[in-house]
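Position 228, counted from 1, in the sequence shown is what the working numbering calls 504; the numbers after and before it change by one each time, with no gaps. Glycine is no exception: its CB is placed at the ideal position from the N, C-alpha and C atoms. Have a look at the structure below, then the notes.
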Amino acid sequence: MNLWQNYLRPKTLSEALNALARAPRPLAPIAGGTDLLLDLEQGRHPPVQTLIDVTSVAEMTALEVRGDSLFIGAAVPVNRIALDPLTGAHAQALTEACNLIAGPQVRNVATLGGNVAHALPAADGTIALLALDAQAEIASAAGTRRVPLLSLFLGPGKSSLKHGEELLVGFHLPIPNYHQGSCFKRIMRPQGVALPILNCAVWLARESDIVQDVRIAVGPAGAIPFRATQAEDVLRGKSFNEAAFQSALDALLAQAQFRTSPRRASAEYRRHLAATLFRDTLESAWGRAK
277 MNLWQNYLRP
287 KTLSEALNAL
297 ARAPRPLAPI
307 AGGTDLLLDL
317 EQGRHPPVQT
327 LIDVTSVAEM
337 TALEVRGDSL
347 FIGAAVPVNR
357 IALDPLTGAH
367 AQALTEACNL
377 IAGPQVRNVA
387 TLGGNVAHAL
397 PAADGTIALL
407 ALDAQAEIAS
417 AAGTRRVPLL
427 SLFLGPGKSS
437 LKHGEELLVG
447 FHLPIPNYHQ
457 GSCFKRIMRP
467 QGVALPILNC
477 AVWLARESDI
487 VQDVRIAVGP
497 AGAIPFRATQ
507 AEDVLRGKSF
517 NEAAFQSALD
527 ALLAQAQFRT
537 SPRRASAEYR
547 RHLAATLFRD
557 TLESAWGRAK
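Right, dumping it as C-alpha cells:
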C-alpha cells in the first residue's frame, strides 16, 4: 500500500504555501522524514494523500547571521548545524544538542524543524533552543510572524501549528555578547541514540562572580518542554556559589514535573540525576561566559 499519492517539492516559501493551500488533502509537510515516515508506516499518523517536501525551499534551508540574530531554517539537517562554525560560535548549546540527536545516519537527514515540530518534552534540539531564547518564524497565507518557542507546545506530541495551514520556517536566536555562554548535556542509556533519560541546557550572562541573567531548560520535566523559571529567578543577580546553586536546585526540583517512562527511567531516578546534570551544565556555561 502506498503511504501517499502525491509528492511535491517546492523551491520557494511562496510555492510551499501555495502547495499547502491547493494540494489534494489530507497532506503533510516533510523534510528529513525520520519520524513522519515511520509514523505513517506504523499507523501512528493519519493517512495522507500529499507530502510536501520542503528541503529545497531556500527560506527554510538558510543558516546565517541576520542583524543581531542567528537564523536557522527549519529544514536544515541537524548534522549541518552541529558542524557549522556559526552555530559553534553563537549557539554552543545547540551544537552540542545536535551532535547527540540519534545516530550519524539520522543526523544527516533529520532536521531541526522536525525535532521541534514533533513537540516532545525531551527533544534535544528543542531544549537547547529554549535555553537560547529562540523565536520561531511561522508562515501562512496571511504572512509570516515570530513567536516565542514555548508557545508552539500544547502537550506531548501536540503543536500549536495549524496543520495544513502553517509552516515552521525557522528559528531566530539572539547573538550572544561578551561574558555570555551556553551548554547542553544529556544522560542516556549506554550506546543510546533515542530520547534521553534527562537533558539540560543553560545559557547565562555573568559579570565578575555575579549571575547577571540565566535561562535553564530541562527535559522531560513536564508535558511540554520545561523552562526552570523559578531556578532562574533564584540565580539571577546572585553570586555564583554553592549556596546559590543549592537554592536554585531546590527551586528546579519543586517546579519540575518529572514522570516515569517504562522504557527509560522512573520519576524518582530523574529527580536524583537532575542535581548532577544541572550542576555540570551550569558550571560549564559559567566557565564559557568568562
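Ends of the beta strand (DSSP E) at residue 403?
Where residue 403 is concerned, there is no enclosing beta strand (DSSP E), although the alpha helix (DSSP H) it sits in stretches over 400-407.
Can you give me the start and stop residues for the beta strand (DSSP E) that residue 430 sits inside?
For residue 430, the uninterrupted beta strand (DSSP E) segment begins and ends at 429-431.
Do the CB positions of residue 511 and residue 487 come within less than 7 Å of each other?
Yes, the pair counts as a contact, with Cβ atoms nearer than the cut-off.
CB contact flag (residue 384, residue 361, <7 Å)
Their beta carbons are not under 7 Å apart, which means residue 384 does not touch residue 361 by this criterion.
Three-state class that DSSP yields for residue 376 in the structure shown:
DSSP places residue 376 in coil when its eight states are reduced to three.
Around the Cβ of residue 452, are there at least 16 other Cβ atoms within 10 angstroms (buried) or fewer (exposed)?
Buried, by the Cβ-count rule.
When you compare only the Cα positions, how much space is there between residue 464 and residue 298?
Going by the C-alpha atoms only, they are around 43 Å apart.
What is the residue span of the alpha helix (DSSP H) that residue 361 lies within?
DSSP places residue 361 in the uninterrupted alpha helix (DSSP H) bounded by 361-366.
Between residue 302 and residue 343, what straight-line distance do the alpha-carbon atoms span, to the nearest angstrom?
Residue 343 has its alpha-carbon roughly 38 Å from the corresponding atom of residue 302.
Would you kindly work out how many angstroms separate the C-alpha atoms of residue 355 and residue 300, rounded to a whole number?
Answer to the nearest angstrom: the Cα atoms are 32 Å apart.
How would you call residue 430, buried or exposed, if buried means at least 16 neighbouring beta carbons within 10 angstroms?
By the neighbour-count rule (16 or more Cβ atoms within 10 Å), residue 430 is not buried but exposed.
Leaving out the 5 sequence neighbours to the left and right, which residues in its chain are closer than 6 Å to residue 542 when beta-carbon positions are compared?
The residues 536, in chain order, have a CB closer than 6 Å to that of residue 542 in the same chain once the five nearest residues on each side in sequence are set aside.
If residue 377 and residue 367 are in contact, beta carbons under 8 Å, what's the gap, nearest whole angstrom?
Actually they are not in contact, since the Cβ atoms of residue 377 and residue 367 sit about 15 Å apart, beyond 8 Å.
Residue 324 and residue 407 closer than 7 Å at C-beta
Their beta carbons are not under 7 Å apart, which means residue 324 does not touch residue 407 by this criterion.
Buried or exposed for residue 461, going by 16 or more other Cβ atoms inside 10 Å?
Residue environment for residue 461: buried (at least 16 other C-beta atoms within 10 angstroms of its C-beta).
Give me the DSSP bridge partner(s) of residue 515.
Bridge partners of residue 515: 486.
Go through its chain and collect everything with a Cβ distance to residue 283's Cβ below 7 Å, but skip five positions before and after it.
Cβ within range, chain order: 327 and 329.
Just checking my contact of residue 400 with residue 472 at CB under 8 Å: how many whole Å lie between their CB atoms?
Contact flag correct, Cβ pair sits at about 7 Å.
Mapping DSSP to helix, strand and coil, what is residue 471?
Reduced to three states, the DSSP call for residue 471 is coil.
Taking the continuous alpha helix (DSSP H) assigned at residue 559, which residues delimit it?
Here the alpha helix (DSSP H) through residue 559 covers 543-564.
Nearest-angstrom beta carbon gap, residue 404 and residue 370 [assumed within contact, 8 Å]
Right, the Cβ-Cβ distance comes to about 4 Å (below 8 Å), so this counts as a contact.
Going by beta-carbon coordinates alone, are residue 397 and residue 286 separated by less than 7 Å?
With respect to the 7 Å criterion, residue 397 and residue 286 are not classified as neighbours on the basis of their beta carbons.
Inspect the beta-carbon positions of residue 436 and residue 428 and report whether they are closer than 7 Å.
Yes, Cβ-Cβ distance for residue 436 and residue 428 is below 7 Å.
Looking only at its chain, what residues have a beta carbon closer than 7 Å to the beta carbon of residue 533, apart from the 5 residues adjacent to it on each side?
Beyond the five residues adjoining it in sequence on each side, residue 533 comes within less than 7 Å, by CB distance, of 497 and 498 in the same chain, given in chain order.
Let me know the secondary structure DSSP gives residue 335 once reduced to three states.
Helix, per DSSP.
Per DSSP, what kind of secondary structure is residue 522 in: helix, strand or coil?
Here residue 522 sits in helix by DSSP.
Measure the C-alpha to C-alpha separation of residue 449 and residue 518 and round it to an integer number of angstroms.
For residue 449 and residue 518, the distance between alpha carbons rounds to 30 Å.
Kindly identify the DSSP beta-bridge partner or partners of residue 341.
According to DSSP, residue 341 shares a beta bridge with 346.
Under 8 Å by Cβ, that's how I've got residue 388 and residue 296 pegged, so tell me the actual separation to the nearest angstrom.
Not confirmed; about 20 Å, so no contact.
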